[in-house]
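In what follows, a single structure is set out as structure tokens and then discussed.
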Amino acid sequence: MINRRDLIKHLSSLPLLGGVLGENSLNPLASAATKVPVRNLAKELGIRTFINAAGTYTAMTGSLMQDEVVATIQGAAQEFMMLDEVQTKVGEKIAALTHAESAVVTAGCFSALTLGLAGVLTGMDQKKVEALPHLEGTGMKSEVIIQKGHNIGYSHALTNTGCKIVYIETVDELEKAINEKTAMMWFLNIQADSGAIKHEEWVKIAKRHGIPTMIDMAADVPPVENLWRFNDLGFDLVCVSGGKAMRGPQSAGILMGKKDLIAAARLSMPPRGSTIGRGMKVNKEEILGMYVALEKFVNMDHKKEWKMWEDRVATIEKAAKSVNGITTEVFTPELGNHTPTLKITWDMAKVNLPVKALQENLRNGNPSIEFMPAGNNALTITTWMLKAGEDKIVAARLKEEFSKAVV
Ligand SMILES: *Cc1c(COP(=O)(O)O)cnc(C)c1O
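Remember, our numbering sits 1110 above the position in the sequence shown when you count from 1.
Below you can see the structure in the form of structure tokens.
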């Protein structure tokens, strides 16, 4: 009988079959790792796991990584690599997939915002890198312009560099706000409809004044085309979350854009210390996992995926609607979390169930289920984070709870 070592020797001499077992099969650490029994830490520590019918929320740990991503992480954990080399090689691949000149994997979209702006401020000046977030007396610029409607909590990522935010509403105000201290003009895609100035005009005005632009599109895939749309539009820096719809590691994101700006941003990133970004480390496992998640996302059948989400929504909608007093509506947000979303509303005179009570009941049930409340007598559900078959469980549990509350 052929033993394992012979088999490997044999296979690796054949170029075509060499890849079947992969490099890791030759690594004693790798084979040892596969023999380690998998502990169920959720059970051991009493951590609640649940069916996620809510969506890609940070507090709910974002999304579940695809098998390919988990396998990548496991494989990468078996070898040492130089952190910068991993970033450079992965960055080239990501840039090619997204029509960007260059890219780097960051600790989520939030750190992409901070590090991208850091790169804009410092350029390749090491002294400036080490001075951040203290801008005074360094010659660095200190203001970022944002439309008032684009101001949500995430702009804190920008002030982390020491910059101050200047809010404007009209083109006229924008033109007046631009001065020698203006470092960057920031655009938030999810709030694009809450500002008078749209993408193209924002970029055009910035270019006329020679000011770099950045767009936060953290939660704006799908559509997949957004991964290159904003690079094509001329934004100098584009920031996206890796652990939302792309199902990469939750703590990963991507900063992409102009080559010189990405190179400058990397001066504030690990392994370099004495930087504002030293605490925003991304390990090799996550960098490689992010790349594999992105590649898979770009190449997947999005139409099929969408149809699956719709079918699941239909299953839940049908069950809910069968209870007297329940009305439903399906809509797709244009900006951010672009996925079929089911809104269920009930007449409290017919179904006496405050949303908080329903939330508690589903949360404490077995299996536990999470949705998003939308007022005292309404909720929303998305199905993109469900595992196969969970739509039926959600449908049955909702129907059960609604039926019990019928007056
Ligand atoms: C989620 C989100 C972020 C933060 O992204 P992380 O990947 O969690 O760091 C930033 N901006 C917007 C608009 C978001 O939705």
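Just so it is clear, CB atoms sit at the ideal spot from N, CA and C, and this is done for glycine as well.
Since we're looking at a predicted model, the values are computed, not measured.
Close-in-space but distant-in-sequence residues of the same chain around residue i (CB under 7 Å, 5 per side omitted)
i       : result
His1412 : Pro1332, Val1334
Ala1228 : Leu1242, Thr1271, Ala1375, Ser1378, Ile1386, Gly1387
Ala1506 : Ala1429
Lys1394 : Ala1186, Met1191, Leu1193, Val1196
Leu1117 : With a pLDDT of 42 at Leu1117, under the threshold of 50, the predicted position of this residue should be treated as unreliable, though the coordinate-derived value follows. Same-chain partners within the cutoff: there are none.
Asn1261 : Tyr1277
Asn1486 : Pro1464, Val1465
Thr1248 : Lys1238, Ala1241
Glu1178 : Val1402, Lys1406
Thr1292 : Lys1251, Glu1253, Ile1255, Ile1321
Glu1279 : Gln1257, Lys1258, Ala1306
Met1458 : Asn1487
Ile1503 : Ile1161, Pro1477
Beta-bridge pairing of residue i - partner residues as DSSP gives them
i       : result
Ile1479 : Ile1161
Gly1249 : Gly1249 is not bridged to any residue.
Gln1257 : Ile1278
Ile1386 : Looking at the DSSP assignment, Ile1386 forms no beta bridge with any residue, so it has no partner.
Met1295 : Ile1255, Thr1323
Val1461 : Val1516
Short Cβ contact (8 Å threshold) for residue i with residue j
i       : j       : result
Ile1255 : Pro1477 : no
Ala1515 : Leu1463 : yes
Ser1252 : Lys1238 : no
Gly1499 : Met1175 : no
Lys1509 : Val1433 : yes
Pro1483 : Ile1386 : no
Asn1341 : Gly1367 : yes
Ala1222 : Ser1212 : no
Ala1329 : Thr1166 : yes
Leu1365 : Leu1347 : yes
Gly1380 : Leu1231 : With the sequence shown as reference, residue 1380 is identified as Pro, and Gly is not the correct amino acid for it. Going by C-beta atoms, Pro1380 is not nearer than 8 Å to Leu1231.
Gln1257 : Gly1226 : no
Gly1446 : Ile1300 : yes
Thr1449 : Asp1501 : no
Ala1163 : Met1170 : no
Val1392 : Thr1216 : yes
Leu1284 : Ile1315 : yes
Leu1404 : Gly1353 : no
Lys1460 : Gly1435 : yes
Phe1345 : Ile1321 : no
Trp1312 : Met1295 : yes
Val1146 : Ile1397 : no
Ser1351 : Gly1218 : yes
Leu1371 : Arg1422 : no
Gly1172 : Gln1360 : yes
Neighbourhood of residue i by C-beta distance below 8 Å, restricted to the same chain and skipping five residues each side
i       : result
Thr1438 : Glu1427, Ala1430, Lys1431, Leu1452, Lys1453, Ile1454, Thr1455
Glu1511 : Leu1463, Leu1468, Asn1471, Leu1472
Ser1384 : Val1239, Glu1240
Enclosing beta strand (DSSP E) for residue i [first to last residue]
i       : result
Val1392 : From DSSP, Val1392 is part of no beta strand (DSSP E); its letter is neither H nor E.
Val1331 : No beta strand (DSSP E) holds Val1331; DSSP gives it neither H nor E.
Asp1453 : Residue identity check: residue 1453 is Lys in the sequence provided, not Asp. Note, Lys1453: beta strand (DSSP E), 1451-1456.
Phe1529 : Lying before the first or after the last residue shown, residue 1529 is absent from the chain, which here runs from 1111 to 1517.
Ser1351 : 1347-1351
Ser1212 : 1212-1216
Leu1489 : 1488-1492
Ile1183 : First-last for Ile1183: 1177-1186, but that is the alpha helix (DSSP H), not the beta strand (DSSP E).
Leu1365 : 1363-1367
Own chain partners of residue i with C-beta closer than 6 Å, once the 5 adjacent residues on each side are dropped
i       : result
Phe1407 : Met1356
Met1234 : Ala1374
Thr1490 : Thr1451, Lys1453, Met1482, Ala1484
Ala1494 : Note on residue identity: the sequence assigns Trp, not Ala, to residue 1494. So the list reads Trp1419, Thr1449, once near-sequence residues are dropped.
Pro1138 : Confidence in Pro1138 is poor, its pLDDT being 48 and thus under 50, which makes the residue's placement unreliable; the coordinate value appears in the next sentence. There are no such residues.
Thr1323 : Met1295, Val1313, Ala1316, Phe1345, Asp1346
Thr1182 : Leu1398, Gly1399, Val1402
Met1390 : Ala1217, Ser1221
Interface flag, residue i vs chain D, CB-CB below 8 Å
i       : result
Gln1469 : Reference to chain D is not applicable here, since this structure consists of a single protein chain.
Start-to-end residues for the alpha helix (DSSP H) that takes in residue i
i       : result
Met1418 : 1412-1431
Glu1195 : 1193-1208
Leu1337 : 1336-1343
Gln1236 : 1236-1241
Glu1154 : 1151-1155
Leu1268 : 1266-1269
Near ligand 2: residue i beta-carbon under 7 Å from a heavy atom
i       : result
Asp1303 : The model depicted lacks ligand 2 and carries ligand 1 instead.
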